[in-house]
Amino acid sequence: MSDDSADTERTREHPGSSTALDVAKAAKVSRIMVSRAFNPEASVRPDKRQHILDVAASLGYHPDMAARAMVTRRSNLVAVVVSTLANPWEAQEIDALTAVLQEDGLAVMVFRMEHKSRLQFNFAHIRAYRPAAVIAYMDDLKPHQLRRAFGNSPAIYPVYGAHAPTDHDEHMVDRLHVEQHEGIANAVRLLAGTGRKRLLYVRGEGAASDLDRVDALEEALAEHSIVFEAAIDGNFDYATTRAAVINYWRREGQPDAIFAANDTSAFGAIDALRYDLGVSVPQQCAVVGFDNIREAAWQAYNLTTIGVDLRERVQALRRMVAARVSEPRARSMVETIRARLVVRGTA
Numbered sequence: 001m002s003d004d005s006a007d008t009e010r011t012r013e014h015p016g017s018s019t020a021l022d023v024a025k026a027a028k029v030s031r032i033m034v035s036r037a038f039n040p041e042a043s044v045r046p047d048k049r050q051h052i053l054d055v056a057a058s059l060g061y062h063p064d065m066a067a068r069a070m071v072t073r074r075s076n077l078v079a080v081v082v083s084t085l086a087n088p089w090e091a092q093e094i095d096a097l098t099a100v101l102q103e104d105g106l107a108v109m110v111f112r113m114e115h116k117s118r119l120q121f122n123f124a125h126i127r128a129y130r131p132a133a134v135i136a137y138m139d140d141l142k143p144h145q146l147r148r149a150f151g152n153s154p155a156i157y158p159v160y161g162a163h164a165p166t167d168h169d170e171h172m173v174d175r176l177h178v179e180q181h182e183g184i185a186n187a188v189r190l191l192a193g194t195g196r197k198r199l200l201y202v203r204g205e206g207a208a209s210d211l212d213r214v215d216a217l218e219e220a221l222a223e224h225s226i227v228f229e230a231a232i233d234g235n236f237d238y239a240t241t242r243a244a245v246i247n248y249w250r251r252e253g254q255p256d257a258i259f260a261a262n263d264t265s266a267f268g269a270i271d272a273l274r275y276d277l278g279v280s281v282p283q284q285c286a287v288v289g290f291d292n293i294r295e296a297a298w299q300a301y302n303l304t305t306i307g308v309d310l311r312e313r314v315q316a317l318r319r320m321v322a323a324r325v326s327e328p329r330a331r332s333m334v335e336t337i338r339a340r341l342v343v344r345g346t347a
């Protein structure tokens, strides 16, 4: 049954509210034209669309998306799955992504899934909404988990590495490939050019993105004869990193460069160096972050960092969602975006 057929169900805020047929009669258009006016993908003359929307508003009519989903077995919802919204990068990206998906007539529902022990329960909860697509920001999930969890709701998730995946399966798990090796290599080249000899890495929490950064970093450091002195746990967190850097500096060693797994950790490292240890940045110790969040450009930090352009990443996700909505059964897709070095004042 088509979307237009689904939309013939009566749509009510309360008993006695207007239906699509009432709007069609008042606007002197067909019932199908009312449905098309509420579909941003449908081709409708702008003045006619606005006339229908105005009439609908005056009658208190709105389409019942839940009824449509029951008939089509697919909603206009995009489920975004995250482990936390506390990290600035995820929050900034989801904000931008929500804006463009809403422009495309889609609605975004955010699901926070912190505890892996409840994965299957949470997946079942998401699946009950019959989302048109699922974007998983939890890069430690595996494709088979997403396939099993979401069935005919295609999933998109990030993958990392020097090369894009070449396997295209039939199971509707699309991948956004983030190539971060080149940006990291350029950062190490910058550090080598300023005479850095020993580097401390502030790692995250075992995420796939973090493991790939370590691989890229070790390769680049070896090429430039910079010693990978140690890796300490920062957990992608400001306070954890600040305390860890202080502890390492006082008990273990004093490197002349710090590379942090994200910008928030880099902020913690900078404040530890400047305010707790009396170390000048970048004169005595350079600091490089990762993500290029908005705060990285603040004068207080002026952080040299590596990051993917936010608009580029959001537009890639937008294209993948649009492709899935228009052709749900298509083979899996891969899009590649690249992280680039942004030179500021800390290295």
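End of the sequence shown sits at 347 in UniProt numbering; the numbers just go up one at a time, nothing left out. Each residue gets a CB set at the ideal place from its N, CA and C atoms; glycine is no exception. Keep in mind it's a predicted model, so treat the numbers as computed, not measured.
- Please state whether DSSP places Met-70 in a helix, a strand or coil. Because Met-70 sits at a pLDDT of 48, beneath the cut-off of 50, its placement in the model cannot be relied upon, and the following sentence gives the value as read from the coordinates. Residue state, collapsed to three classes: helix.
- What are the residues that DSSP puts in a beta bridge with His-177? Val-159 and Thr-336
- Item | Span of the beta strand (DSSP E) around Arg-213 | Careful: Arg-213 lies outside any beta strand (DSSP E), inside the alpha helix (DSSP H) at 208-223.
- Query: Whole alpha helix (DSSP H) runs in the region 21-105 with 4 or more residues, listed along the chain?
  - Reply: 31-37, 46-59, 65-72 and 88-103
- Of the residues Phe-259, Gly-278 and Ser-209, which one's Cα is nearest the Cα of Ile-226? Phe-259
- Can you tell me whether residue 388 is buried or exposed, with buried defined as 16 or more other CB within 10 angstroms of its CB? Here the chain has residues from 1 to 347 only, and residue 388 is not among them.
- Item | Distance CB(Asp-291)-CB(Gly-278) smaller than 8 Å | no
- Message: For Arg-324 and Ala-330, what's the separation of their Cα atoms in angstroms?
- Response: 7 Å
- Where Thr-336 and Ala-296 are concerned, what is the direct C-alpha to C-alpha distance, given to the nearest angstrom? 24 Å
- Message: Can you list, in chain order, the residues of its chain with a C-beta nearer than 8 Å to that of Ala-162? Leave out the 5 residues immediately preceding and following it.
- Response: Glu-179, His-181 and Ala-216
- Item | CB of Ala-230 within 8 Å of CB of Ile-246, strictly | no
- Query: Near Leu-59, which residues of its chain fall below 7 Å by C-beta distance, leaving aside the five closest residues on each side in sequence?
  - Reply: Ser-18, Asp-22, Val-23 and Ala-26
- Query: Whose CA, out of Glu-327, Arg-338 and Glu-312, lies closest to the CA of Val-100?
  - Reply: Glu-312
- Query: Near Leu-221, which residues of its chain fall below 8 Å by C-beta distance, leaving aside the five closest residues on each side in sequence?
  - Reply: Val-188, Leu-199, Val-227 and Phe-228
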